[in-house]
Structures are given as structure tokens and as C-alpha cells.
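**Student:**
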Amino acid sequence: MNNQSEVRVRMAPSPTGFFHVGSARTALFNWLFAKHHNGKFILRVEDTDVERSSEDMIDVVLQGMKWLGMDRYEGPYFQSKRIDLYKKYIKKLLETGKAYYCYCDPQILDKERKAAYARKEDWKYDRRCLSLSDANKEKKDQSNTLKAVRFLIPEHRVTYKDIVYGEISRDSKDIEDFIIQRANGMPTYNLACVVDDHDMGISHVIRGADHITNTPKQILLYEACDFAIPEFAHLPLILGPDKSKLSKRHGAVSLDEYKKKGFLPDAMVNYLALLSWSPGDDNEDFMDRKRPENLGTVDMVRLAKEFTLERVNKANAIFDVTKLEWMNQQYVMQLNKPRFRERLKPFVIKHGLMTEEEINQRDKWYAEVCNLMQPRLRTLDEINNQGRYFFKDDFDYDQTALQKFTNRETLTTMKTFLPVIQDINPFDVMNIEITLLNFGENHGLKVKQWIHPLRVFTTGTKAGPPLFDTLELIGKQRCISRIEKMLKQKKES
RNA sequence: GGCCCCAUCGUCUAGCGGUUAGGACAUCACUCUUUCAAGGUGGAGACACGGGUUCGAUUCCCGUUGGGGCCGCCA
């Protein structure tokens with residue numbers, strides 16, 4: 006058996022095929038708590054529902070854990086491989102009269118329940134199978150009627166002290182004799198969860214607040230099985246903008262979607278840690294600033310050190326993507342250059358901006374583009390919208406900006422710049438700057454008279470990195486052909 | 001319908017009887033700047049309501065209202 010004082014927590018996902026950010030937050034809090042107390046973090050897959058589970062569905066969770074930097078855990082254990090253990094306890098409960106067989110047709114029960122709700126009435130299973138005579142049971146067994154096992158709820162109020170919510174109390178008369186074993190012989194969630202938490206020596210059950218109502222049920226089960234009851238800590242729910250539990254209809258809810266959008270796991274961790282928890286002082290920044298090479302990464306050690314369940318808030322929290330984006334930008338911005346280049350690479354390739362080979366061949370050029378774009382990206386995926394013009398000619402033009410610069414005067418100005426640009430040798434920032442500035446001045450042009458149209462003509466946008474650096478990286482020929490293209494196009498219209 | 005939980009700026013939050021109610025995101029000015037981003041400065045912005053308790057309530061208690069969660073042979 007495990008040492009009594011050892012902290013053992015777990016994350017218990019069901020294999021739904023995706024990794025909800027709420028689950029990620031729960032995992033993180035468990036992980037931080039374990040780390041804080043030098044305890045163990047266990048991963049247990051709750052896959053007792055055979056019809057909806059498959060082993061590869063859990064892969065996305067395992068990957069997500071790795072992505073977030075929480076890949077050191079005990080397990081994963083699969084409940085589907087521990088059925089005998091659950092059956093042992095179910096049998097015991099049956100033998101001691103703490104559970105009983107239920108032969109009811111689930112469809113009929115369901116109908117009754119729905120009818121009651123429709124009448125605005127409460128409904129609870131009425132224990133009709135508890136009082137079944139032996140003869141009757143035998144008859145049903147003979148005819149192979151399917152039977153599930155129900156837990157006979159003892160009559161007394163259940164009270165426990167939740168680490169974050171304080172005392173929570175529920176009268177057991179409000180709890181129905183819930184099913185602990187399906188007709189197909191598989192245990193259900195509450196039973197398996199209790200048996201496992203006991204068997205695995207879990208000291209603290211840290212999970213979403215949607216499990217608050219399950220807790221009294223489980224405590225009753227702990228008592229019936231004669232297990233020691235662990236500590237419970239429920240975490241406020243993460244809500245969508247409409248204040249209901251964050252779900253798929255709110256848009257991006259899976260960790261994977263955020264990864265694909267170009268969020269850094271480090272920013273994700275920092276943001277998630279601050280949802281329902283705060284360090285107490287005004288510092289929300291958990292970036293590792295101790296060593297320059299670690300900039301842009303999150304300091305999980307410091308987070309774990311500061312994290313306590315006592316500082317978890319009770320109120321539900323709305324997931325604020327805008328703040329996440331801001332935080333991500335902070336992390337992206339600070340990332341050391343080589344690391345940023347590596348992080349950006351998959352997005353450059355994904356959008357067909359460059360191939361892996363091209364990046365290797367033109368690594369210096371790629372690095373310079375990275376330097377210019379790094380401080381401007383909120384998410385890595387934005388490289389396509391914000392910096393496509395560096396790589397490709399098929400970028401979109403900001404039409405309103407273009408309109409502004411297609412008057413006769415500006416077009417003429419741009420035309421006079423063409424040969425000047427043609428003559429810049431070598432075509433580097435310094436030369437470009439000196440030449441263009443001089444030329445403009447000599448022709449009585451104010452800088453903004455030509456610099457803005459020049460930017461729009463060559464990049465399609467009025468916002469971006471310093472223009473002369475940008476021009477150099479785009480290259481002379483492409484600059485010229487882009488300007489010519491605009492002149493030609495506008496003359497025709 | 002039953003049960004449980006929650007309640008500070010638009011959002012995330014600090015506050016654990018006496019504060020000019022603090023910070024962050026977003027927002028609005030100004031500043032820096034060839035544009036954008038970042039940065040800097042400043043502004044606006046909250047204790048849901050009603051009763052108690054107390055010399056004194058954002059803070060403690062009760063109620064109201066509002067919001068959320070659960071009530072599956074899902075987890």
C-alpha cells in the first residue's frame with residue numbers, strides 16, 4: 006500500500022477523441038499540485054463504455070499532455086483492463102445487500118422519467134426491483150431478462166469538506182439507486198472511479214465542478230466498500246462567452262485546435278493556470294526569465310511552487326481568447342530567435358510559403374523574415390495572413406488602402422521611383438534607405454508621400470515591419486514587378 | 001420539476017470588517033514611430049438587490065434576484 010502522507014493525484018479522461026481545454030486545465034492543476042507536494046501524478050483512462058471507446062482515441066490526450074509539458078506521469082492505466090477488480094467489489098456489495106439486481110427495461114424507465122419531467126415533476130427510480138420475490142427473480146433469470154446492478158442508497162445526509170468550495174452537503178434521499186453495473190456486465194463511472202481512486206491510493210481528487218453532485222454518491226460508495234475517503238477539490242467550470250459550459254458549439258475547445266492555430270504550449274499553460282487560480286500578488290507572468298535562452302518558455306517549476314488549491318476561486322470563468330492571444334504574443338515575442346524559427350517552420354510549410362528544403366537552402370533569408378515578423382505575430386499561424394508577401398506573389402491587397410494610393414499624382418510618383426529602385430546596388434537596407442530618402446528629398450517629396458504607397462504596392466498592406474528591411478527581403482526584381490503590375494493595372498482601370 | 005453550487009470593472013482576478021476597492025486583457029486618449037506591432041504615460045470602467053450583525057460592511061448571516069451545474073445501463 007502507499008504511504009499515507011504521499012500526495013497522489015490523477016487525471017482521468019474518457020477517450021472521446023479530443024482533448025478539451027477544460028480537461029487540460031484540470032490536468033494542469035493536478036500536475037501542479039502533485040509537483041508542489043512532490044507527489045505522483047497518475048493518468049487513468051476511463052473507458053468502461055465499450056461502445057464509445059477505442060484505444061487510439063486516447064492518443065490525442067497523451068499527445069496533448071506531452072505538448073503542454075506534462076508527459077511524466079504514472080500510467081496510463083485503462084479501466085477496460087481492470088474489469089475483474091470492479092466486479093469483485095460489485096459482487097461484494099451484492100452479497101452484503103448493499104446493491105441489488107434491477108431487471109427493469111431501461112427504455113421504459115427512460116419514458117417514465119421523461120414523462121415526469123414533462124409534467125414538471127421530479128423522478129427517481131422507485132426500487133421496484135428491490136422487493137422482487139425470489140420466485141419472480143428466478144422467473145426473470147430463467148427467461149434471460151437483462152439485469153443491471155443498482156447501489157442501494159443508505160439513508161443519511163452526506164457532508165464533505167471540499168478544498169475549494171468548503172462544506173458541501175446533500176441528503177441521500179435526493180439520490181436515486183444509481184446503476185453500478187450495466188446489463189452487459191461492465192461497471193459504470195461512479196463505481197469504477199471509486200474503486201480505482203482507492204486502489205491507486207489517490208489522496209486528492211481534483212476535478213471539474215460538474216462532478217460536485219457525483220461526490221456524495223461516491224462517498225456513499227466509499228463507505229459501502231469500507232474505503233478511506235480521499236480529499237476532494239472541485240474546480241470551477243470554464244464557460245463560453247454565453248456563460249454556459251464551454252463546449253464545441255462555442256468554437257475552438259480542443260487543445261489541438263489551439264495548437265493548430267499557432268498557440269505556444271507555454272502561453273497556453275500560463276493562461277490556463279490563471280483561469281480560476283491566481284498567485285495572489287499582481288504578477289501573472291510565469292515566463293522563465295532566469296536565463297535568456299529560456300525566454301518565451303513557461304516556468305512550470307515556479308508555477309508549481311506557487312500553486313495551491315486554497316487559492317483557487319469558486320466562481321466559473323469565461324474563456325477569454327483575446328487574453329490568450331495577448332499572452333501568446335508575449336511568449337512568441339520573447340522566444341529566442343532559433344527557437345522561434347523552429348516553431349514557425351511548420352506553419353510556413355503548411356501554408357505553402359516555403360518547403361522544408363527551401364528553408365534549409367535559404368536559411369539566412371528565412372531567419373531575417375523571422376526577425377521582422379516575430380514581434381508582430383499573435384499566433385504563429387498569422388504568418389500566412391501577415392507575411393505572405395515575403396514568400397509569395399499571390400497575397401491579397403488591402404483594397405481600401407490601394408484605392409487611396411491610386412490617384413494620378415501618386416501613380417506618377419511611383420513611376421518615377423521605378424528606375425531609382427532599379428539602380429540600387431547592392432539592394433540592401435542601407436542602400437535602399439539612403440537612395441530612396443535622397444531621391445525623395447531631391448524631388449521635393451515628403452517621406453509619407455511615397456513611402457506609404459510604396460509599401461502598399463509591394464506588400465498589399467499598409468501595416469508591417471520597417472519598409473526598407475522588407476523591400477530588401479522581397480528583393481529588387483519582385484519589388485519592381487509588383488510596382489509595375491500595380492501601375493499597369495491602375496492605368497487600365 | 002428536484003438537488004447542489006456561484007455572485008467585485010465587458011473579461012480574468014486581488015481583497016479574507018476600516019482600502020482614494022488594486023492588477024491584467026480589452027477599450028479610449030496621448031507618446032514613441034516611415035506604417036503596424038511592441039513599449040511608455042494617462043483616462044473611463046465593478047462590489048446584483050434587500051434585510052440584519054457591528055461603532056463600521058465588498059468582506060459575516062439570512063432572504064430575493066440572476067447565473068451555472070447535475071439529475072443516463074455517458075464520463
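All the letters of the first sequence, read from the start, carry residue numbers 6 to 498 under the working numbering. We put the CB at the ideal spot given by N, CA and C, even for glycine. Bear in mind that the values here come from a model prediction, so they are computed numbers and not experimental data.
Over the uninterrupted alpha helix (DSSP H) stretch that includes residue 457, give me the two end residues.
**Tutor:** Its alpha helix (DSSP H) spans residues 452 to 464.
**Student:** Give me whichever residues DSSP pairs with residue 292 in a beta bridge.
**Tutor:** Beta-bridge pairing links residue 292 to 303.
**Student:** Going by CA-CA distance only, name the one from 436, 488, 447, 467 that's closest to residue 477.
**Tutor:** Checked all of 436, 488, 447, 467; the closest Cα to residue 477 is 436.
**Student:** In whole angstroms, what separates the C-alpha of residue 6 from that of residue 150?
**Tutor:** Bear in mind that the predicted position of residue 6 carries a pLDDT of just 41, short of 50, making it unreliable; the figure below should be weighed with that in mind. One C-alpha to the other measures close to 40 Å.
**Student:** Taking 8 Å as the threshold, find out whether the region 77 to 85 comes into contact with the region 43 to 50 through three or more Cβ pairs.
**Tutor:** The region 77 to 85, when compared against the region 43 to 50, does touch it at the 8 Å Cβ threshold.
**Student:** Confirm, please, whether the CB-CB distance from residue 439 to residue 484 is below 8 Å.
**Tutor:** Taking 8 Å as the Cβ cut-off, residue 484 and residue 439 do not qualify as a contacting pair.
**Student:** Compute every distance between the C-beta of residue 74 and the non-hydrogen atoms of the ligand NAP, then say whether any falls below 7 Å.
**Tutor:** Judged by which ligands are present, the structure shown has none, so any question about the ligand NAP falls away.
**Student:** How many Å lie between residue 3 and residue 313 at the Cα?
**Tutor:** Any property of residue 3 remains undetermined from this structure, which presents the chain solely from 6 to 498.
**Student:** Just tell me which of 274, 237, 343 has its CA closest to the CA of residue 332.
**Tutor:** If we check each option's Cα against that of residue 332, 274 comes out closest.
**Student:** Does the region 96 to 114 come into contact with the region 68 to 82, if we say contact requires no fewer than three beta-carbon pairs (one atom in each stretch) closer than 8 Å?
**Tutor:** Output reads no: the region 68 to 82 does not touch the region 96 to 114.
**Student:** Would you kindly work out how many angstroms separate the C-alpha atoms of residue 125 and residue 179, rounded to a whole number?
**Tutor:** Cα to Cα, residue 125 sits roughly 16 Å from residue 179.
**Student:** Under a Cβ-count criterion, where at least 16 other Cβ atoms within 10 Å of its own Cβ denotes burial, should residue 122 be classed as buried or exposed?
**Tutor:** When all chains shown are included, residue 122 counts as exposed.
**Student:** Going straight from the alpha carbon of residue 16 to that of residue 371, what length do you get?
**Tutor:** Their Cα atoms are separated by approximately 41 Å.
**Student:** Going by beta-carbon coordinates alone, are residue 218 and residue 165 separated by less than 8 Å?
**Tutor:** In this structure, residue 165 does not lie closer than 8 Å to residue 218 by Cβ.
**Student:** With H, G and I counted as helix, E and B as strand and the rest as coil, what does DSSP make of residue 24?
**Tutor:** Correct three-state label for residue 24: coil.
**Student:** By Cβ distance below 8 Å, which residues in the same chain neighbour residue 148 in space, the five residues on each side in sequence not counted?
**Tutor:** So the list is empty, once near-sequence residues are dropped.
**Student:** Measuring CB to CB, does residue 71 end up less than 8 Å from residue 309?
**Tutor:** No.
**Student:** So, for residue 433: in the same chain, excluding its five sequence neighbours on each side, which residues have a beta-carbon less than 7 Å away from its beta-carbon?
**Tutor:** 477, listed in sequence order.
**Student:** Can you tell me whether residue 332 is helix, strand or coil according to DSSP?
**Tutor:** Reduced to three states, the DSSP call for residue 332 is helix.
**Student:** Which whole-angstrom value is the C-beta distance of residue 233 and residue 209, which I expect to be below 8 Å?
**Tutor:** Incorrect: roughly 13 Å between the Cβ atoms, too far for contact.
**Student:** Determine the direct distance from the alpha carbon of residue 214 to that of residue 284, and round the result to whole angstroms.
**Tutor:** Rounded to whole angstroms, residue 284 to residue 214 spans 21 Å at the Cα level.
**Student:** If you count every other CB in all the chains shown that lies within 10 Å of the CB of residue 463, and 16 or more means buried, which is it?
**Tutor:** Result: buried.
**Student:** In chain order, what residues of the same chain have a beta carbon less than 8 Å from the beta carbon of residue 162, not counting five sequence neighbours either side?
**Tutor:** Contacts found: 174, 175, 176, 177.
**Student:** Might you give, ordered along the chain, the residues of its own chain that have their beta carbon closer than 7 Å to the beta carbon of residue 264, omitting 5 neighbours on each side?
**Tutor:** Closer than 7 Å at Cβ, skipping near neighbours: 72.
**Student:** Look at the alpha carbon of residue 23 and the alpha carbon of residue 450, and state the distance between them as a whole number of angstroms.
**Tutor:** For residue 23 and residue 450, the distance between alpha carbons rounds to 58 Å.
**Student:** Can you tell me whether DSSP reads residue 137 as helix, strand or coil?
**Tutor:** Note: residue 137 maps to coil in three-state DSSP.
**Student:** Which one of 395, 168, 64, 341 has the shortest CA to CA distance from residue 317?
**Tutor:** Closest by alpha carbon: 168.
**Student:** Am I right that residue 352 and residue 323 are in contact with their C-beta atoms under 8 Å? What's the rounded C-beta distance?
**Tutor:** Actually they are not in contact, since the Cβ atoms of residue 352 and residue 323 sit about 28 Å apart, beyond 8 Å.
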